[in-house]
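Counting in numbering that gives the first Met the number 0, the sequence shown runs from 0 upward without gaps.
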Amino acid sequence: MKKISIVIPIYNAENYLAQCIDSVLAQHYENIEILCIDDGSTDCSSEIVNTFIKNDSRIIYIKKNHTNAGETRNWGIDNCTGEYVMFLDSDDYIEPGIIQSCYTIAEKDNSDIVVFKYRLVDAINNKGIAKELGIHTNKLKCFAIEELVKNKYTFTNVAVWNKLYRRSFIINNNLRFKGYESLNDMYFGIISLSLANRISLCRKVGVNYRINNTNSLSSKIDYIANHFFSVLTEINNYLIGSPKWKMVNYDLSRLEKLQLEEFLKRYSKYDKQKAKQFEKRIELFLKHYFK
């Protein structure tokens with residue numbers, strides 16, 4: 000069995016970190032390394048990790064100065080040694096057996112990416128929401144997105160925490176996370192789906208993704224609005240210079256329009272005047288890249 004690296008970016012995660020690490024240690028697949036990359040936490044996160052380290056040598060703890068989750072994940076990429084890499088948020092937890100299931104599929108299909116399902120968990124009452132998310136097709140098994148006639152990006156979400164990646168695929172394509180406080184995995188998620196030669200689907204729920212565990216929307220929404228176009232600009236500029244652009248630009252335009260309009264709905268509830276300005280920027284942005 001080949002080594003699999005689980006990269007966990009940590010920042011003040013004391014409330015859920017133990018459950019997160021426990022869920023990885025409980026996996027049947029034993030040839031793993033768990034990289035806990037601490038982004039300058041000021042709570043008890045370091046003590047929690049060190050308690051686990053005393054009992055399991057597969058855990059690696061690295062503490063760095065505080066930046067953001069994207070740069071913290073990059074530290075994980077730079078320091079991991081596994082054949083495959085999984086990114087797990089420190090307030091989430093994975094289901095038993097998911098690493099083995101994804102590894103088996105990746106080896107059988109020679110996959111660059113294996114996508115698995117996820118379930119939402121409400122951080123307020125700690126209750127799971129039964130609906131299974133993350134895979135939106137019943138037909139596909141293994142493919143590259145240019146093989147799809149339509150819906151090239153909507154067969155899954157663009158987040159990284161419900162996917163297993165072949166590390167050589169990440170390294171060979173110089174895939175990196177962007178250093179934004181929010182939206183930092185959007186670039187990595189979309190570019191990786193665009194470049195992968197083989198994407199496989201694992202139709203099991205693999206991760207429980209916690210919602211309602213952030214600061215109030217009003218404290219971040221202006222930041223997200225200001226950086227949304229920056230992230231999408233970097234994505235489009237990268238793909239315009241690649242052979243994939245002609246094959247993906249129509250579906251990419253639909254994806255970006257959908258994401259921007261969904262955010263616009265949230266923005267309108269917070270500040271209607273700013274939302275109107277944002278709506279104008281959407282129109283200009285989409286016209287610029289997708290005439």
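A virtual CB, placed ideally from N, CA and C, is assigned to each residue, including glycine.
CA nearest to the CA of isoleucine 9, picked from Asp91, Tyr28 and Arg165: As a first step, residue 9 must be located in the sequence shown, where it is residue number 10. The shortest C-alpha separation from isoleucine 9 is found at Asp91.
Test item: CB-CB of phenylalanine 277 and phenylalanine 262 under 9 Å: Start at 1 with the first residue of the sequence shown, and residue 277 comes out as number 278. Start at 1 with the first residue of the sequence shown, and residue 262 comes out as number 263. Cβ distance < 9 Å, so phenylalanine 277 and phenylalanine 262 count as in contact.
Runs of beta strand (DSSP E) wholly within the segment 98–147 (minimum 3 residues, chain order): 112–121
Reference phenylalanine 86; option with closest CA among Ile36, Lys256, Asp250 and Phe227: Here residue 86 refers to the residue found at position 87 when the sequence shown is read from its first residue. Closest by alpha carbon: Ile36.
C-beta contact flag for alanine 158 and aspartate 184 at 9 Å: Your numbering for residue 158 matches position 159 in the sequence shown. Your numbering for residue 184 matches position 185 in the sequence shown. Yes, they are a contact pair.
Selected residue, minimal CA-CA separation from serine 44, among Glu32, Tyr179, Ala12 and Arg265: What you label residue 44 is simply residue 45 of the sequence shown in a count that begins at 1. It is Ala12 whose Cα lies nearest to the Cα of serine 44.
Nearest-angstrom Cα separation, counted from serine 252 out to asparagine 225: Taking the sequence shown and counting its residues from 1, one reaches residue 225 at position 226. Taking the sequence shown and counting its residues from 1, one reaches residue 252 at position 253. Taking the straight line joining both Cα atoms gives about 19 Å.
Identified DSSP bridge partners for methionine 85: For the purposes of this step, residue 85 is taken as the residue at position 86 of the sequence shown. Per DSSP, Ile5 and Leu163.
Closest Cα partner of isoleucine 198 within the set Glu146, Asn207, Tyr186 and Asn172: Within the sequence shown, the letter at position 199 stands for residue 198. Looking at the Cα atoms, Glu146 is the closest of the given residues.
Meets three-Cβ-pair contact criterion under 8 Å: the segment 238–255 and the segment 123–142: no
Terminal residues of the alpha helix (DSSP H) in which serine 193 lies: Along the sequence shown, read from residue 1 onward, the residue named residue 193 stands at position 194. Counting along the chain, the alpha helix (DSSP H) containing serine 193 begins and ends at 185–194.
C-alpha distance - asparagine 150 paired with tyrosine 288, whole-angstrom precision: Position 151 of the sequence shown holds residue 150. Position 289 of the sequence shown holds residue 288. Looking at the two C-alpha atoms, the distance is approximately 19 Å.
Buried or exposed (CB count within 10 angstroms, at least 16 for buried), asparagine 137: Within the sequence shown, the letter at position 138 stands for residue 137. The residue is exposed, with fewer than 16 neighbouring Cβ atoms inside 10 Å.
Of the residues Arg118, Ala195, Tyr102 and Leu34, the one placed nearest glycine 205, counting alpha carbons only: Here the question's residue 205 lines up with position 206 in the sequence shown. Nearest C-alpha to glycine 205: Arg118.
Those runs of the beta strand (DSSP E) which lie wholly inside the segment 198–243 and span at least 3 residues: 198–210
Buried/exposed call for arginine 165, threshold 16 Cβ in 10 Å: Here residue 165 corresponds to residue number 166 of the sequence shown, with the count starting at 1. The residue in question, arginine 165, is buried, as its Cβ has 16 or more Cβ neighbours within 10 Å.
Short Cβ contact (9 Å threshold) for isoleucine 170 with isoleucine 234: Position 171 of the sequence shown, counted from the first residue, corresponds to residue 170. Position 235 of the sequence shown, counted from the first residue, corresponds to residue 234. No, the Cβ-Cβ distance between isoleucine 170 and isoleucine 234 is not below 9 Å.
Rounded separation between serine 181 and tyrosine 222 - CA only: Stepping through the sequence shown from its first residue, residue 181 is reached at position 182. Stepping through the sequence shown from its first residue, residue 222 is reached at position 223. Taking the straight line joining both Cα atoms gives about 8 Å.
Inter-residue spacing [alpha-carbon to alpha-carbon] between valine 247 and arginine 265: The sequence position of residue 247 within the sequence shown is 248, counting from 1. The sequence position of residue 265 within the sequence shown is 266, counting from 1. The straight-line gap from Cα to Cα measures roughly 27 Å.
Nearest residue (CA-CA) to glycine 81, options Asn207, Glu32 and Lys279: On the sequence shown, residue 81 is found 82 positions in, with the first residue counted as 1. Nearest option by C-alpha distance: Glu32.
Isoleucine 210 versus glycine 188: straight-line alpha-carbon distance, rounded: Along the sequence shown, one-based indexing puts residue 210 at 211. Along the sequence shown, one-based indexing puts residue 188 at 189. Taking the straight line from one Cα to the other gives about 19 Å.
Terminal residues of the alpha helix (DSSP H) in which glutamate 374 lies: Lying outside 0 to 290, the shown extent of the chain, residue 374 is not represented and no answer is given.
C-alpha gap between lysine 279 and isoleucine 52, whole angstroms: Stepping through the sequence shown from its first residue, residue 279 is reached at position 280. Stepping through the sequence shown from its first residue, residue 52 is reached at position 53. Lysine 279 and isoleucine 52: Cα-Cα distance of roughly 51 Å.
For lysine 256, the nearest candidate out of Thr153, Lys203, Lys271 and Tyr237 (CA to CA): Mapped onto the sequence shown, residue 256 falls at position 257. It is Thr153 whose Cα lies nearest to the Cα of lysine 256.
Run of the alpha helix (DSSP H) containing histidine 63, from where it starts to where it stops: Here residue 63 refers to the residue found at position 64 when the sequence shown is read from its first residue. A small correction: the amino acid at residue 63 is lysine; histidine does not occupy that position in the sequence shown. No alpha helix (DSSP H) contains lysine 63, which DSSP labels as neither H nor E.
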